[in-house]
Amino acid sequence: MKNGAFRRPRVVFLADCQSFYASVEKAHRPELEGKPVVVAGDPERRSGIILAACPIAKSFGVTTAETIRESLAKCPQLEIIKPRMQLYIDVSLQITEIYERFSDLVEPFSIDEQFVDVSASTALYGDPTEIARAIQSQVWNETRVRTRVGIGENKILAKMACDNFAKKNESGIYELKKEELADTLWQLPINKMFMVGSRMTQHFNQMGITTIGELARIPLEQFKARLGRKFGRNSDINAEVLWRIANGHDQAPVSPFTFETQQKAIGHMMTLPFDYRKLDDIKVVLLELSELVCQRVRSKGLMGQVVSAGCQGADFDQPTGFHRQMKMQHNTNLTEEVYEVVCEIFAKHWNEQPVRKVGVTLSELTADETYQMTVFPDREKKMALERATDEIKSRFGNASIMRASSVSPAGQAQRRAGMIGGHNK
C-alpha cells in the first residue's frame, strides 16, 4: 500500500451535560431527588433568571432564560437554588479528565460542552457508539451527570448531531453522517442550524429559505449574491460560513489550545443589579471594569491599543445603548489610561437612557515588552504599582484592595469579588 493510501476517518464527539448546573446540585444534595429544581439568581428576592432547569422542572414548562416569577407561575413547588460557580467549574474539570481517558484531544466549548476527537481511539475502545456509551457511563458513575453525545466527522456535524438529535432520543447518542444529511439534518427548519438565531431566521424566511436543506442546495456563489443583495457587499465571508455549516463542511481541528491561540481581545461585560441613571454612578462601574480588564491583560503579558465601551438598557425588546471603540496613540495596560478613553466614549455617545449592562474591552493586543516609550516620565512607576496591586489581589482576592469609589452605593467590585462569571462561587 502506498504512503497515504489509507487514511483513518475522523470521529469527533460533542459531549453535552444535561441541565448541568441543576444536575450538579441534585448530585450534591440527595434531598432534591425527584423534585423540580432550577438554578437561578437571587431566590430570596425572586428576581433574576433561570440558568438551568432539571428535566422534572422542564416537564412543567419551565425554561432557561425566563424569570423566576414566570417559572413559579408554572410550577409553584419549584426548588430554586443559588448558583455555585466554583462547584460547577470543579465538576466540569472532573468531566474533562474523564474525556481525556479516551483521547488527548479535548477542547472545551463551554462549561458543559466539550469536543473530543476519538479518531485514534477506535482501535482501542471500539466503534464510536461504544466509546460514547463508555463515556456516558463513566461520567454518570463519577459525577451523577447525564451526558449526550453528538458524533460526526467534524466539529460542526458533531455539534448539530448533539443539539438536534442526541438531546432528543433516549440513548443520548446520535451520529450525523454527511452522506445522510438529505434525510436527516436538511429536513430541519433553518433555526435548528448552528449559528442561526432568531433574527437570522427571520432574514432567511424573508428570502424564502425555511429549511437547512434549502440553504445547503443553493450553489455557493448564488447564495453569496443573494446574501449580498440583502446585507451588502461585505457579506461574502458570512455567506460562505453559513453555507459550509449547512453542508456539514468543517476542517477545524479539535485542539485543547484553541482559546490560548485565538485571543485577540480581552473584555468584560457586567449586568447591573438595577438601572443606573447618573453618569457619575456609571463611571464607578466603568472604572471597575477598566481595572478588571487591565488586570487580565497584564496577567497575560499583553498591552492593547483599541478601547471599546458600550452599554445596554434593561428592555431587550426595545433595545437602547451603544457600542463604540477608539484607538489610542500608544499601547497600554494601565487602568487610568483605559478608563480615560472609556469615559470619553461614554461622554460622546451615552444618550442618558437608563443603563443595565456595561462593557469594556481592550484589543489589538501585543506583548508588553514591545510598548512604545512616551513623554510621561512616571509611566514606569504606574506600571510597577499596578503590577504590585495585581500581586496582592492574586494572593488575597480582588476585594483585598479596592478603590474608594467601589465602596460607594454604585460600586460593584466588592459584591462581585465573591462571584464567578457574575454568579456566586
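Residues 1 to 425 in UniProt numbering are what the sequence shown spells out, letter by letter.
Note that beta-carbon positions come from the ideal geometry of N, C-alpha and C, so glycine has one too.
A check of alpha carbon separations from residue 242 across 52, 309, 156 identifies 156 as the nearest. Excluding its 5 nearest sequence neighbours in each direction, residue 226 has C-beta neighbours in its own chain below 7 Å: 207, listed in chain order. The Cβ atoms of residue 310 and residue 321 lie closer than 9 Å to each other.
Under the DSSP definition of a beta bridge, residue 302 partners with 367. In this structure the stretch 343-359 touches the stretch 274-288; the number of beta carbon pairs closer than 8 Å is three or more.
Nearest C-alpha to residue 191 among 246, 223, 143, 167: 246. When the five nearest sequence neighbours on each side are left out, the beta carbons in the same chain lying within less than 7 Å of the beta carbon of residue 138 are those of 98, in order along the chain.
When the Cα atoms are used, residue 234 and residue 308 turn out to be separated by approximately 22 Å. Using a 10 angstroms sphere on the CB of residue 278, the tally of other CB atoms stays under 16, which defines it as exposed. Contact between the stretch 23-35 and the stretch 114-128 is not established, with fewer than three Cβ pairs separated by less than 8 Å. Residue 270 and residue 366 do not touch by the CB rule: their CB atoms are close to 26 Å apart, not below 8 Å. Annotation: the stretch 161-217 contains the following complete segments of the alpha helix (DSSP H) (minimum length 4 residues), in chain order: 198-206, 212-216. Annotation: the continuous alpha helix (DSSP H) that includes residue 133 extends over 128-143. For residue 69, the secondary structure class from DSSP, reduced to helix, strand or coil, is helix.
In chain order, 190, 191 place their CB closer than 7 Å to the CB of residue 201, counting only its own chain and leaving out the 5 sequence neighbours on each side. Annotation: residue 152 is outside any alpha helix (DSSP H); the continuous beta strand (DSSP E) that includes it extends over 147-152.
Out of 128, 232, 184, the CA that lies nearest to the CA of residue 211 is found in 184. Note on geometry: alpha-carbon atoms of residue 166 and residue 134 lie some 16 Å from one another. Nearest to residue 267 by C-alpha distance, out of 256, 291, 249, is 291. It is roughly 26 Å from the alpha-carbon of residue 87 to the alpha-carbon of residue 254.
For residue 16, the enclosing beta strand (DSSP E) starts and ends at 12-17.
Between the stretch 161-181 and the stretch 140-153 there are three or more inter-stretch CB-CB distances shorter than 8 Å, so the stretches are counted as touching. For residue 28, the enclosing alpha helix (DSSP H) stretches over residues 20-28.
The closest CA to that of residue 315, considering only 347, 197, 275, is found on 275. For the pair residue 147 and residue 15, the CB atoms are nearer than the 9 Å cut-off.
The beta carbon of residue 339 sits closer than 7 Å to those of 286, 287, 290, all from its chain and outside the five residues before and after it, given in chain order. Cβ neighbours of residue 186 within its own chain (closer than 7 Å, five residues either side excluded): 211, 212, 213, 216.
For residue 238, the uninterrupted alpha helix (DSSP H) segment begins and ends at 236-246. Secondary structure remark: continuous beta strand (DSSP E) runs of at least 3 residues inside the stretch 303-350, in chain order: 321-332. The beta carbon of residue 204 sits closer than 8 Å to those of 190, 196, 210, 215, all from its chain and outside the five residues before and after it, given in chain order. Around the Cβ of residue 237, a 10 Å sphere holds fewer than 16 other Cβ atoms; the residue is exposed. 219 is the residue among 219, 230, 229 whose C-alpha sits nearest the C-alpha of residue 244.
Ranked by Cα distance from residue 272, the options 299, 34, 48, 38 are led by 48. Of the candidates 127, 101, 223, 127 places its Cα closest to the Cα of residue 10.
Annotation: the continuous alpha helix (DSSP H) that includes residue 91 extends over 85-99. In this structure, the beta-carbon distance from residue 123 to residue 13 does not fall below 9 Å.
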